[in-house]
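S.K.: End of the sequence shown = 737 in the working numbering, gap-free, step of one.
Idealized CB from N, CA, C, for every residue including glycine.
Have a look at this one before I ask anything.
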Amino acid sequence: MHPQEIIELLIVGAVIVSILIIAIYLKGRWRKNGWLVALVIFVAYCIFFVARPFWIDAQIDKKVKLLRPYLEEHYPDEEWTISTVPHRKDGIKHLNPYYIGVVFENEPEATYYYWVEGKDNIYQKGRANNGLEEFKHIEKRKE
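Here it is as structure tokens:
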């Protein structure tokens, strides 16, 4: 488990345990309502925990579909490969899955990272290289 998931689990667990402890001291219908609230929070967190990876996958696919026309418009004569973070694999969870990596065919040593907020809000946020001194596809920041 990733540390963020452990922290989330501890917080939700503390909230549920707090509600259950308070519910123990309540009488009758209030006690049942306390148990019900704890159960609803537990079920909601379970659904969230199971659904989140699928939600992230859907968002990444959507962002990649928005990035392709952007790259075709800005680099019409170029070939590239798009890569995303395999966020479901162990040891990779510390990386932000929403950064999309692009490797251009004429510059295979460099990876450019794009951030996609929407159709009109696509930014080149970073780059990585293997010993390159100059980058061919650096974009000016939009201010």
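Identify the continuous alpha helix (DSSP H) that holds N715 and give its terminal residues.
M.R.: Taking the sequence shown and counting its residues from 1, the one referred to as residue 715 is at position 121. Counting along the chain, N715 falls outside any alpha helix (DSSP H), though it belongs to the beta strand (DSSP E) covering N715 to A722.
S.K.: Exposed or buried, which one is A722 when buried takes at least 16 other CB atoms within 10 Å?
M.R.: Start at 1 with the first residue of the sequence shown, and residue 722 comes out as number 128. Exposed is the call here.
S.K.: On the premise that Y717 lies in contact with Y706, defined as a C-beta separation below 8 Å, what is that separation, rounded to the nearest angstrom?
M.R.: Counted from its first residue, the sequence shown places residue 706 at position 112. Counted from its first residue, the sequence shown places residue 717 at position 123. Going by Cβ atoms, the distance from Y706 to Y717 rounds to 11 Å, so no, they are not a contact pair.
S.K.: Look at V696 and W674 and say whether their C-beta atoms are less than 7 Å apart.
M.R.: The residue labelled residue 696 in the question sits at position 102 within the sequence shown. The residue labelled residue 674 in the question sits at position 80 within the sequence shown. Yes; because the gap between Cβ atoms is below 7 Å, this pair is in contact.
S.K.: How is the alpha helix (DSSP H) around G622 delimited, first residue to last?
M.R.: As a position in the sequence shown, residue 622 is number 28, starting the count at 1. Element bounds for G622: G622 to H668.
S.K.: Among residues of its own chain, excluding the 5 on either side of E672, which ones have a beta-carbon nearer than 6 Å to its beta-carbon?
M.R.: What you label residue 672 is simply residue 78 of the sequence shown in a count that begins at 1. Excluding sequence neighbours, E672 sits near F698.
S.K.: Given 8 Å as the limit, is there contact between the region 648 to 662 and the region 680 to 694, that is, 3 or more CB pairs closer than that?
M.R.: Flag = yes, the region 648 to 662 and the region 680 to 694 touch.
S.K.: Which value, in whole angstroms, describes the spacing of the CA atoms of V638 and P702?
M.R.: Here residue 638 refers to the residue found at position 44 of the sequence shown. Here residue 702 refers to the residue found at position 108 of the sequence shown. For the sequence presented, residue 638 should be read as Ala rather than Val. In a straight line, the C-alpha of A638 is about 45 Å away from that of P702.
S.K.: Short of 8 Å in beta carbon distance, which residues of its chain neighbour L614, apart from the five on each side in sequence? Order them along the chain.
M.R.: One-based indexing of the sequence shown puts residue 614 at position 20. So the qualifying residues of the chain are G628, W629 and A632.
S.K.: Taking the CB atoms as reference points, tell me whether A617 and R625 lie closer together than 7 Å.
M.R.: The sequence position of residue 617 within the sequence shown is 23, counting from 1. The sequence position of residue 625 within the sequence shown is 31, counting from 1. For A617 and R625, yes; Cβs fall inside 7 Å.
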